[in-house]
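**Student:** Chains as they are written, first to last, in this note's numbering: chain R, 1 to 305; chain H, 1 to 305.
Protein chains: 2
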Amino acid sequence: MSERIAVIGLGLIGGSLARRLAGSHEVIGYDAAPATRDLARAAGLTVRDQLAEAVQDASVAFAAVPLPALSTVVCQALSAGAVVTDVGSVKSPLYVAVRAQGLGGRFVGGHPMAGTERSGFSASDPGLYDGAAWVLCLEPDTDLASWLRVARTVTGIGARVVPSTAADHDAAVARISHLPHLLAAALAAAAAEAGPLALTLAAGSFRDGTRVAATAPELPTSMCRANRLAVAAAAADTVRRLQVAQGDPGPLIFSGHHARLAWENRHAVPADVPIGDADALLDLGRRGGWIERVGADTLSVLVPV
Amino acid sequence: MSERIAVIGLGLIGGSLARRLAGSHEVIGYDAAPATRDLARAAGLTVRDQLAEAVQDASVAFAAVPLPALSTVVCQALSAGAVVTDVGSVKSPLYVAVRAQGLGGRFVGGHPMAGTERSGFSASDPGLYDGAAWVLCLEPDTDLASWLRVARTVTGIGARVVPSTAADHDAAVARISHLPHLLAAALAAAAAEAGPLALTLAAGSFRDGTRVAATAPELPTSMCRANRLAVAAAAADTVRRLQVAQGDPGPLIFSGHHARLAWENRHAVPADVPIGDADALLDLGRRGGWIERVGADTLSVLVPV
Chain R
1 MSERIAVIGL GLIGGSLARR LAGSHEVIGY DAAPATRDLA RAAGLTVRDQ LAEAVQDASV
61 AFAAVPLPAL STVVCQALSA GAVVTDVGSV KSPLYVAVRA QGLGGRFVGG HPMAGTERSG
121 FSASDPGLYD GAAWVLCLEP DTDLASWLRV ARTVTGIGAR VVPSTAADHD AAVARISHLP
181 HLLAAALAAA AAEAGPLALT LAAGSFRDGT RVAATAPELP TSMCRANRLA VAAAAADTVR
241 RLQVAQGDPG PLIFSGHHAR LAWENRHAVP ADVPIGDADA LLDLGRRGGW IERVGADTLS
301 VLVPV
Chain H
1 MSERIAVIGL GLIGGSLARR LAGSHEVIGY DAAPATRDLA RAAGLTVRDQ LAEAVQDASV
61 AFAAVPLPAL STVVCQALSA GAVVTDVGSV KSPLYVAVRA QGLGGRFVGG HPMAGTERSG
121 FSASDPGLYD GAAWVLCLEP DTDLASWLRV ARTVTGIGAR VVPSTAADHD AAVARISHLP
181 HLLAAALAAA AAEAGPLALT LAAGSFRDGT RVAATAPELP TSMCRANRLA VAAAAADTVR
241 RLQVAQGDPG PLIFSGHHAR LAWENRHAVP ADVPIGDADA LLDLGRRGGW IERVGADTLS
301 VLVPV
């Protein structure tokens, strides 16, 4: 394919994306940090020294910069005429910012559910998105052709496109992504306070339960702050569960066990969804389904049963 | 060595132990389930059909049965004359039961900090204890020669012996072992309640944060119930941290990050401790240290710095 794709921000997420896309597209990268640009060039990527140069003539631009810089970069790329998507972990505030600039239609909020506790271009991996869920938001003002354009690119690198509204996405990730960060931090802090004996006894359950606490803390802090209301609700829900468990831990442990097994053992069956029906796409996402391939007339999807 | 060691209970923990000890000792196994005895015999272990036969003439007996059966098995093995240790995850209630039978001195409460979310002899692994912390309780009524006897056997299979009182042990594991089970269950339950979209988006942080919820729920439930007061205190501590984080998640995330990194980056230096000084042993454990080798006159230990 000859279409040009811009990737703005070349850390773990953007770097992995640029390296994967470079196998099948013309990719132009940019990062605000000169050292990161050098690393990306050394890895064989085409990289510009200015954001404006990178997005010029791009048909699609991926904004993969930290949350605080995201709305500025997205609006700049939209103004250059591209279809713009992003990889930020909270979606509603970004839509507010983009709409305030009158730039709604060609923006497709995105969120790949992939990452590690490492960061930076040196941690990037072109295989990071293989089989990963990748939310693409479908809002009332979204241009469906732009959405499908991004969906085709994202399924093309092996990810599963999950259609969702920004609000549904933010509520869901509060529980499955942001809450894990809070609980990992609470667990690590509780063990540290318990002293050296406890730290010596800490083994597998502690190691796994605190793994994401090794993430550079600025990232989860900005995610949780940007999704403050949904995260506070998820934390309050956990507080209620723990308060009940203080009386008897049995019901919580059993319900958590059944939930984990149900998640491990989910199955999905293939189906086709006609292209161009936004309501059918949102219904698919709400049922936990995803798009595997964007065809000319239909979308090949999988739906959990 | 020709000394005879009995292993009562041949599930994941006891089966792994019996298989590891069988390389260097005469090991006699027993399990209440005939099918498990058959599996163990098929793996080459010597197994008796009665507990009394297994502990007869044993110098040390390891009780590796579920918590509800533990005090009965421990008292039965003590009555047969052996030094008895166990692998249960809560220690204080067991001491109460053993002392009520007037059987204090030769009992050495133990707890290997190893395990997986699987269970049963078929999941056993002779390498399970390599480098694992293994608490051996040292109480005012503990016979020190019995304690050293168990410590020699446990260090001999590659584990790190951590001396502790039962009370200190129970408080520590409430935070680094029982609390992780509660938090994993709360996270899994919260995601299940959030619905199919959330379950489709659940990725690495959810997978790791809920891994121990895959454990057969009877085990963590009996651990948490047996350690009820310390677990309730650990849960209450987490509730307080989450309530603060509902206002601003930043401080919790940063303190958890520093705690996890400090745990990852701990260093320990070698030292020697004279054999036969119980206070020095308990001080070692409180400082997070452990015994690597039991020599004739000294203990080779490592102490975190």
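A virtual CB, placed ideally from N, CA and C, is assigned to each residue, including glycine.
Could you name the residues of chain H that R/Arg175 contacts, counting a contact when the two beta carbons are closer than 7 Å?
**Tutor:** Residues of chain H passing the Cβ test: Ala190, Ala191, Ala194 and Ala198.
**Student:** Residues in the region 138–154 of chain H with C-beta within 7 Å of chain R's C-beta atoms, listed in sequence order?
**Tutor:** Residues: none.
**Student:** Would you check if the distance between the CB atom of H/Val55 and the CB atom of H/Ala77 is smaller than 8 Å?
**Tutor:** It is a contact, given that the beta carbons lie within the stated cut-off.
**Student:** What is the rounded straight-line gap between the Cα of H/Arg200 and the Cα of H/Gly110?
**Tutor:** It is Thr, not Arg, that sits at residue 200 of chain H in the sequence shown. The straight-line gap from Cα to Cα measures roughly 41 Å.
**Student:** Contact defined as beta carbons within less than 8 Å: I believe R/Ala184 pairs with R/Arg160. What is the distance between those atoms, to the nearest angstrom?
**Tutor:** With 8 Å as the limit, R/Ala184 and R/Arg160 do not qualify as a contact, their Cβ atoms being about 25 Å apart.
**Student:** Start and end of the beta strand (DSSP E) containing R/Ser164?
**Tutor:** That run of the beta strand (DSSP E) goes Arg160 to Ser164.
**Student:** Using a beta-carbon distance below 8 Å, is H/Met1 in contact with chain R?
**Tutor:** With a pLDDT of only 42 at H/Met1, under the threshold of 50, the placement of this residue in the model should not be trusted; the figure read from the coordinates follows. Chain R contact via Cβ: absent.
**Student:** Return the first residue and the last residue of the beta strand (DSSP E) that R/Ile253 is part of.
**Tutor:** Premise fails: R/Ile253 lies in the alpha helix (DSSP H), Gly250 to Glu264, not in any beta strand (DSSP E).
**Student:** So, is R/Glu139 buried or exposed, given that buried needs 16 or more other C-beta atoms within 10 angstroms?
**Tutor:** The residue is buried, with at least 16 neighbouring Cβ atoms inside 10 Å.
**Student:** Please state whether DSSP places H/Ile176 in a helix, a strand or coil.
**Tutor:** Correct three-state label for H/Ile176: helix.
**Student:** Name the one or two DSSP bridge partners that R/Tyr30 has.
**Tutor:** Its beta-bridge partners are R/Ile8.
**Student:** Just checking: is the beta-carbon of R/Pro68 within a distance shorter than 8 Å of some beta-carbon in chain H?
**Tutor:** By this cut-off, R/Pro68 is not an interface position.
**Student:** Based on DSSP bridge pairs, tell me the residues matched to R/Ala63.
**Tutor:** R/Ile8 and R/Asp86, per the DSSP bridge assignment.
**Student:** What does the alpha-carbon distance come out to for the pair H/Phe62 and H/Leu144?
**Tutor:** Between H/Phe62 and H/Leu144, the C-alpha separation is close to 17 Å.
**Student:** With 16 other CB atoms within 10 Å as the buried threshold, where does R/Thr142 fall?
**Tutor:** The residue is buried, with at least 16 neighbouring Cβ atoms inside 10 Å.
**Student:** Mind checking R/Asp248: buried by the 16 CB within 10 Å criterion, or exposed?
**Tutor:** With fewer than 16 other Cβ atoms within 10 Å, it is exposed.
**Student:** Can you give the Cα-Cα distance for R/Asp297 and H/Thr210, rounded to whole angstroms?
**Tutor:** Each residue's alpha carbon lies about 40 Å from the other.
**Student:** Measuring alpha carbon to alpha carbon, tell me which of H/Leu10, H/Thr238, H/Arg19 and H/Ala58 ends up nearest H/Gly44.
**Tutor:** For the residues H/Leu10, H/Thr238, H/Arg19 and H/Ala58, the minimum Cα distance to H/Gly44 belongs to H/Arg19.
**Student:** In this structure, what does DSSP give as the bridge partners for R/Phe107?
**Tutor:** Its beta-bridge partners are R/Val84.
**Student:** What does the alpha-carbon distance come out to for the pair H/Tyr129 and H/Thr85?
**Tutor:** So the two alpha carbons sit approximately 16 Å from each other.
**Student:** Of the choices R/Asp237, R/Thr221, R/Ala268 and R/Ala226, whose alpha-carbon is the least far from that of H/His257?
**Tutor:** Checking every option, the nearest Cα to that of H/His257 belongs to R/Thr221.
**Student:** Taking only beta-carbon positions, decide if H/Arg225 is within less than 8 Å of chain R.
**Tutor:** Closer than 8 Å to some Cβ of chain R, the Cβ of H/Arg225 qualifies, so yes.
**Student:** Looking at chain H, is there any beta carbon in it that lies within less than 8 Å of the beta carbon of R/Gly229?
**Tutor:** Looking at the sequence itself, residue 229 of chain R is Leu, so the reference to Gly does not match. No, R/Leu229 does not count as interfacial toward chain H.
**Student:** Considering only the alpha carbon of each residue, which of H/Arg41, H/Leu252 and H/Gly158 lies closest to H/Trp290?
**Tutor:** Nearest C-alpha to H/Trp290: H/Gly158.
**Student:** Give me the DSSP bridge partner(s) of H/Asp272.
**Tutor:** Per DSSP, H/Ser300.
**Student:** Can you tell which of H/Val305, H/Glu218 and H/Val294 has its C-alpha closest to the C-alpha of H/Ser146?
**Tutor:** Of the candidates H/Val305, H/Glu218 and H/Val294, the one whose C-alpha sits nearest the C-alpha of H/Ser146 is H/Val294.
**Student:** How about H/Ser255: is its C-beta nearer than 8 Å to some C-beta of chain R?
**Tutor:** H/Ser255 counts as touching chain R.
**Student:** Under 8 Å between the Cβ atoms of R/Leu70 and R/Thr36?
**Tutor:** Not a contact, by the Cβ cut-off of 8 Å.
**Student:** Count the other CB atoms, across all protein chains shown, that sit within 10 Å of the CB of H/Asn265; report buried if there are 16 or more and exposed otherwise.
**Tutor:** Exposed is the call here.
**Student:** Are R/Ala230 and R/Asp170 touching if we call contact CB-CB under 8 Å?
**Tutor:** Yes.
**Student:** Just to confirm, are H/Ser205 and R/Pro180 a CB contact at a threshold of 8 Å?
**Tutor:** In contact: H/Ser205 and R/Pro180 (Cβ atoms closer than 8 Å).
**Student:** Using C-beta distances below 6 Å, list every residue in its chain close to H/Val83, excluding the 5 sequence neighbours before and after it, in chain order.
**Tutor:** Hits under 6 Å: Val60, Arg106, Ser146 and Arg149.
**Student:** Would a C-beta distance cut-off of 8 Å place R/Cys75 and R/Leu103 closer than the cut-off?
**Tutor:** In this structure, R/Leu103 lies closer than 8 Å to R/Cys75 by Cβ.
**Student:** Near R/Ala166, what residues of its chain come up, given a Cβ to Cβ distance below 7 Å and the 5 sequence neighbours on each side ignored?
**Tutor:** Same-chain partners within the cutoff: Lys91, Ser92, Tyr95, Gly109, Cys137 and Glu139.
**Student:** I need the DSSP call for H/Glu292, collapsed to helix, strand or coil.
**Tutor:** Strand at H/Glu292.
**Student:** Assign H/Pro112 to one of three DSSP states: helix, strand, or coil.
**Tutor:** In the structure shown, H/Pro112 sits in a strand (DSSP, three-state: E or B).
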